[in-house]
Each structure stands twice: as C-alpha cells, then as structure tokens.
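*Asks:* One structure, as structure tokens, below. Some questions next.
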Amino acid sequence: MRQLFLRFEHASTALATALACAMMAIAASLGLWQIITRFIIERPAEWTEVLIRFSLIWMVFLGIPLAFRIGAMVSVDVLYRWSGPRLRRVFDVLVTVASLTLLAVIVWIGWDYAVRGRVQTVIGLEGVSMFWAYLALPVGGVFSAIAVIGNFLDPKRLELESAQ
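Residue numbering for the sequence shown follows this note's numbering, starting at 243 and increasing by one per position.
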C-alpha cells in the first residue's frame with residue numbers, strides 16, 4: 243500500500259511540476275509578446291498582463307508540491323541535526339501535521355474563494371471568470387498535501403543534506 247501511494251505521489255508531483263514549468267513558459271512567452279506589442283508594434287496587448295499574473299500564481303501553487311517533496315519547505319534544521327532518531331520522528335510528525343493543517347485551510351478557503359469568485363469577471367478578459375484564478379489555491383493545496391504525505395512516508399531532505 244505504501245509503495246502504491248508513493249508511486250501515485252511521484253506521478254502527481256511530476257504532473258504538478260510539469261504544469262508549473264508550463265505556466266512559467268507561458269508567463270515568459272506572454273511577457274515577450276507584451277514587449278513586442280508595446281515597443282515594436284506600438285499597440286500594447288493589455289490582456290497579457292492579467293494572463294501573466296494568473297500563470298505566475300498557478301506556477302507558484304503547482305511548484306510548491308516539489309518543494310514539500312524534497313524537504314525544502316518546512317524544516318527545523320538545527321533541532322533536527324542535534325536530536326536522536328526518536329525525536330527526529332516526532333519532529334517529522336509535528337511538521338507533517340502542521341503542514342497538512344495549513345494546506346487544509348488553503349484548500350478550504352481557496353475553494354470558497356473560487357466558488358464566490360465565479361460570478362466575477364477578470365478586468366481585461368471580461369469573458370473569463372475569477373474562478374480560474376482562485377482555483378489555483380485548492381488545486382495546489384491538494385497536490386501539496388499528497389507531496390507532504392509522500393515526504394512523511396519516504397523522507398527526502400535534500401536541502402538539509404546539502405547544507406551539511
């Protein structure tokens with residue numbers, strides 16, 4: 243069961259990371275297009291600014307699972323290094339519970355924002371609902387929760403190990 247979950251977590255974190263990279267590429271491409279339309283064509287495309295902002299928001303929330311998975315988000319480095327194996331496991335449990343609690347709040351409030359914002363349209367993109375921007379919070383939160391559980395089951399402390 244553990245290995246099955248870890249395979250699922252690996253696939254979901256890889257998907258979230260790929261989508262985060264795509265969002266970064268979209269933001270960079272739109273930024274380049276905005277420069278071209280503003281300074282070369284001299285007819286700025288106002289809609290690009292809004293889409294860049296949305297893609298960066300999605301990029302951040304889809305990139306967080308990778309940071310959780312490699313152990314780079316929440317760490318208590320000094321206490322972890324000075325403690326024994328049993329106390330380290332206690333720290334792992336505390337960090338996992340705190341992270342999952344925070345992510346549950348983000349998913350809950352993010353979904354509420356998304357549902358409430360579905361009637362609001364985006365300035366510059368009047369046909370697009372704010373639902374799609376706010377949806378980044380619960381989607382990123384779910385991907386992150388899966389990564390947090392994966393890190394608890396199979397800890398990777400790449401940031402802690404590289405600091406030593």
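Here a beta-carbon is modelled for each residue, glycine too, at the ideal position from N, C-alpha and C. From a predicted model like this one, the values you see are computed outputs, not experimental measurements.
Do you know how far the Cα of R323 is from the Cα of L274?
*Replies:* Each residue's Cα considered, the two are about 45 Å apart.
*Asks:* With distances taken Cα to Cα, identify the nearest neighbour of E284 among Q276, V337, T290.
*Replies:* It is Q276.
*Asks:* Going by CA-CA distance only, name the one from Y376, S325, F247, V320 that's closest to I351.
*Replies:* With distances taken between Cα atoms, I351 lies closest to Y376.
*Asks:* Please return the same chain residues whose Cβ sits closer than 7 Å to the Cβ of S386, not counting the five positions on each side in sequence.
*Replies:* Here the set comprises I306, P307, F310, L345.
*Asks:* On the three-state DSSP scale, how would you describe E284?
*Replies:* Of the three classes helix, strand and coil, the one that applies to E284 here is coil, per DSSP.
*Asks:* Runs of 4 residues minimum, wholly inside the segment 304-345: which ones carry the alpha helix (DSSP H) assignment?
*Replies:* Here the runs fully enclosed are 319-324.
*Asks:* Should L272 be labelled buried (16 or more other beta-carbon atoms within 10 Å of its own) or exposed?
*Replies:* L272 is buried by the Cβ-count criterion.
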